[in-house]
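Position 13 of the sequence shown, counted from 1, bears residue number 13 in UniProt numbering, the numbering being contiguous throughout. See below for the structure under consideration.
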Amino acid sequence: MKCPFCGNEMKEGTLHSGGRYVQWKGVDAEGRKEEYLLAKSYMGGAKMEGHLCVECRKVILDIDQF
Ligand SMILES: [Zn+2]
1 MKCPFCGNEM KEGTLHSGGR YVQWKGVDAE GRKEEYLLAK SYMGGAKMEG HLCVECRKVI
61 LDIDQF
């Protein structure tokens, strides 16, 4: 997916929260695990799939239907 702000290719992965940090976890083009610290947080645990633009520091998430 292309970033709607800068046009660069976004990284697929999952947003993880819980404990003290919100992190992005994905894999790079060679299949190696990548992790990005997005925020320090005291949110409850959650995991959501989405796309990350490292250049713009933006995340687009898919939200479950409730
Ligand atoms: Zn971007």
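All C-beta atoms in this analysis are idealised placements derived from N, C-alpha and C, irrespective of residue type, glycine included.
Contact annotation: Gly13 and Gly31 have beta-carbon atoms that are not nearer than 9 Å.
Judged by the Cβ position, Gly13 fails to qualify as a neighbour of ligand 1 at the 8 Å threshold, every heavy atom of the ligand being at least this far. Taking a contact as a CB-CB distance under 8 Å, the pair Glu35 and Trp24 counts as one, their CB atoms being some 7 Å apart. Straight through space, the alpha carbons of Val54 and His16 are spaced by roughly 16 Å. By the criterion of a C-beta distance shorter than 8 Å, Lys2 is surrounded in its chain by Asn8, Glu9, Met10, once the five residues flanking it on both sides are discounted.
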